[in-house]
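Here full-length UniProt numbering is used: position 42 in the sequence shown is 42, and no number is missing along the way. We put the beta carbon where it would ideally sit given N, CA and C, even for glycine. Reading through the structure tokens given below for one structure.
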Amino acid sequence: MLQRLSTVLRKPIFWHGTHHHDSNDATKRLFDTVSSTVKGIQQINYVVEHNPKLTAEEKSKMKQFLIYRYDPADENDFPKYVSYYVDLKKIPPMYLDALLYIKDNYDSSLSLRRSCREGICGSCSMNCNGLHKLACIHAIDTDLTQPAYITPLGHMFVVKDLVVDMTNFYTQYKTIDPYLKRKTPKEGNKEYIQSVEDRKLLDGLYECVLCACCSTSCPSYWWHPDRYLGPAVLMQAYRWIVDSRDEYTDERLEKLAEDVKVEDCQNIGMCSFTCPKGLDPQRSMNHLMKLIEEYKERKIASATL
Numbered sequence: 001m002l003q004r005l006s007t008v009l010r011k012p013i014f015w016h017g018t019h020h021h022d023s024n025d026a027t028k029r030l031f032d033t034v035s036s037t038v039k040g041i042q043q044i045n046y047v048v049e050h051n052p053k054l055t056a057e058e059k060s061k062m063k064q065f066l067i068y069r070y071d072p073a074d075e076n077d078f079p080k081y082v083s084y085y086v087d088l089k090k091i092p093p094m095y096l097d098a099l100l101y102i103k104d105n106y107d108s109s110l111s112l113r114r115s116c117r118e119g120i121c122g123s124c125s126m127n128c129n130g131l132h133k134l135a136c137i138h139a140i141d142t143d144l145t146q147p148a149y150i151t152p153l154g155h156m157f158v159v160k161d162l163v164v165d166m167t168n169f170y171t172q173y174k175t176i177d178p179y180l181k182r183k184t185p186k187e188g189n190k191e192y193i194q195s196v197e198d199r200k201l202l203d204g205l206y207e208c209v210l211c212a213c214c215s216t217s218c219p220s221y222w223w224h225p226d227r228y229l230g231p232a233v234l235m236q237a238y239r240w241i242v243d244s245r246d247e248y249t250d251e252r253l254e255k256l257a258e259d260v261k262v263e264d265c266q267n268i269g270m271c272s273f274t275c276p277k278g279l280d281p282q283r284s285m286n287h288l289m290k291l292i293e294e295y296k297e298r299k300i301a302s303a304t305l
């Protein structure tokens with residue numbers, strides 16, 4: 001019960017569906033957020049049964065899925081769990097399989113993102129039983145005595161149900177210039193060759209699918225999503241900084257050294273713990289912060305010469 005209370009209490013406060021990007025809408029956003037928060041507090045642990053006709057015996061043979069539902073565009077709607085029961089024998093083993101079965105057979109109004117179903121595109125990131133995961137590669141707990149909770153990524157504006165607004169996340173990603181930048185003109189069609197050692201530095205970095213599971217699990221990102229870039233974006237920034245083919249290393253470090261783009265990391269480690277691809281953003285950010293510190297020291301030293 002305590003887990004359920006803490007989970008639901010947080011949702012309306014940080015998950016808010018009206019997503020405006022113009023600064024002139026700040027006042028409306030504030031009132032909308034407060035409205036969503038009040039609705040959520042009024043409906044703590046509110047569960048709607050999708051099929052109230054199911055008997056206790058029928059339920060005992062199926063898995064209960066408690067799925068967060070909320071449409072901010074509907075002023076009469078409020079955040080809630082909707083309870084669905086699924087026979088696990090009828091579906092493959094992943095959370096996304098259950099969600100698609102529910103959408104196809106029980107409730108077509110359920111909104112979620114999905115695409116590849118192979119853990120490659122990053123579309124189906126969501127909170128599965130308390131952890132941010134990719135629903136397509138996260139296996140369902142088969143214990144029928146325990147419900148499975150499925151909610152949106154935490155601390156994000158909700159568009160509808162399990163769909164969150166990723167605009168800020170992708171905007172931050174764009175600011176790091178996530179592509180190869182060169183100062184030396186390219187000679188014909190010649191490739192930029194890397195040594196085996198240099199290429200190995202990119203392992204554990206390029207595999208990121210930008211699902212935002214790590215960033216939305218990070219307390220520092222919850223506190224300063226407007227300034228702190230978060231572990232996913234910072235790991236990708238590090239990926240280009242250590243790429244031996246890139247020639248804008250110092251410029252990239254200079255840009256990251258501003259404000260709290262990096263330094264707000266508290267080394268909590270939730271980013272690495274929750275990454276559905278098994279990557280280690282915390283380790284990458286530690287290396288990145290060392291590189292930034294070394295760059296600052298070099299800059300001070302050169303200024304005193």
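Outcome for residue i when other beta-carbon atoms lying within 10 angstroms are tallied against a minimum of 16
| i | result |
| --- | --- |
| GLN266 | exposed |
| residue 309 | Since the first residue shown for the chain is 1 and the last is 305, residue 309 is missing from the structure and cannot be characterised. |
| ILE300 | exposed |
| ILE193 | exposed |
| residue 316 | Given a span of 1 to 305 for the chain in the structure shown, any question on residue 316 remains unanswerable. |
| residue 306 | In this structure the chain extends from 1 to 305, so residue 306 is not present and cannot be described. |
| ARG182 | exposed |
| LYS186 | exposed |
| LYS160 | buried |
| ASP143 | exposed |
| SER302 | exposed |
| PRO52 | exposed |
| ASP246 | buried |
| SER272 | buried |
| LEU180 | exposed |
| LYS133 | buried |
| SER284 | buried |
| PRO178 | exposed |
| ASP203 | exposed |
| ASP97 | buried |
C-beta contact flag for residue i and residue j at 8 Å
| i | j | result |
| --- | --- | --- |
| CYS275 | CYS213 | yes |
| CYS211 | GLY122 | yes |
| VAL164 | PHE157 | yes |
| PHE65 | PRO152 | no |
| VAL209 | LYS277 | yes |
| LYS63 | LEU88 | yes |
| CYS128 | LEU112 | no |
| PRO281 | PRO231 | yes |
| LYS80 | TYR106 | no |
| ILE67 | LEU110 | yes |
| ARG252 | ILE268 | no |
Nearest-angstrom Cβ-Cβ length linking residue i and residue j, presumed shorter than 8 Å
| i | j | result |
| --- | --- | --- |
| TYR101 | ALA135 | No, TYR101 and ALA135 are not in contact; Cβ-Cβ is about 12 Å, not under 8 Å. |
| VAL82 | TYR173 | Going by Cβ atoms, the distance from VAL82 to TYR173 rounds to 32 Å, so no, they are not a contact pair. |
| ILE91 | MET126 | With a Cβ gap of about 17 Å, ILE91 and MET126 do not count as contacting. |
| ILE239 | LEU205 | As written in the sequence, residue 239 is Arg, which differs from the Ile given in the question. Sure, about 4 Å apart at Cβ, within 8 Å. |
| ILE176 | ALA257 | Contact doesn't hold; Cβ gap of about 13 Å is too wide. |
Sheet register partners of residue i (DSSP bridge)
| i | result |
| --- | --- |
| SER125 | LEU134 |
| residue 375 | Lying before the first or after the last residue shown, residue 375 is absent from the chain, which here runs from 1 to 305. |
| MET94 | ALA139 |
| GLU49 | SER83 |
| VAL163 | LYS160 |
Contact set for residue i: own chain, Cβ-Cβ below 8 Å, skip 5 residues either direction
| i | result |
| --- | --- |
| MET270 | CYS214, SER217, CYS218, PRO219 |
| ASP22 | With a pLDDT of 46 at ASP22, under the threshold of 50, the predicted position of this residue should be treated as unreliable, though the coordinate-derived value follows. Excluding residues within five positions, none has a Cβ falling inside 8 Å. |
| GLU118 | CYS136, ILE137 |
| TYR221 | HIS155, SER215, TYR228, GLY230, PRO231 |
| VAL48 | ARG69, LYS80, TYR81, VAL82, SER83 |
| ARG298 | none |
| MET289 | VAL262, GLU263, CYS265 |
Beta-carbon proximity list for residue i, same chain, < 7 Å, skipping 5 on both sides
| i | result |
| --- | --- |
| LEU54 | TYR85 |
| ALA139 | PRO93, MET94 |
| HIS287 | TYR238 |
| PHE169 | ALA212, SER215 |
Residue i CB to nearest heavy atom of the ligand ZN below 7 Å
| i | result |
| --- | --- |
| GLN146 | As for the ligand ZN, it is missing from this structure, which has no ligand bound. |
Other residues of its chain near residue i: CB distance less than 6 Å, five sequence neighbours each side excluded
| i | result |
| --- | --- |
| ASP59 | Note that residue 59 corresponds to Lys in the displayed sequence, not to Asp. Hits under 6 Å: TYR85. |
| residue 308 | With the chain covering 1 to 305 only, the question about residue 308 has no answer from this structure. |
| TYR295 | LEU253 |
| GLY188 | none |
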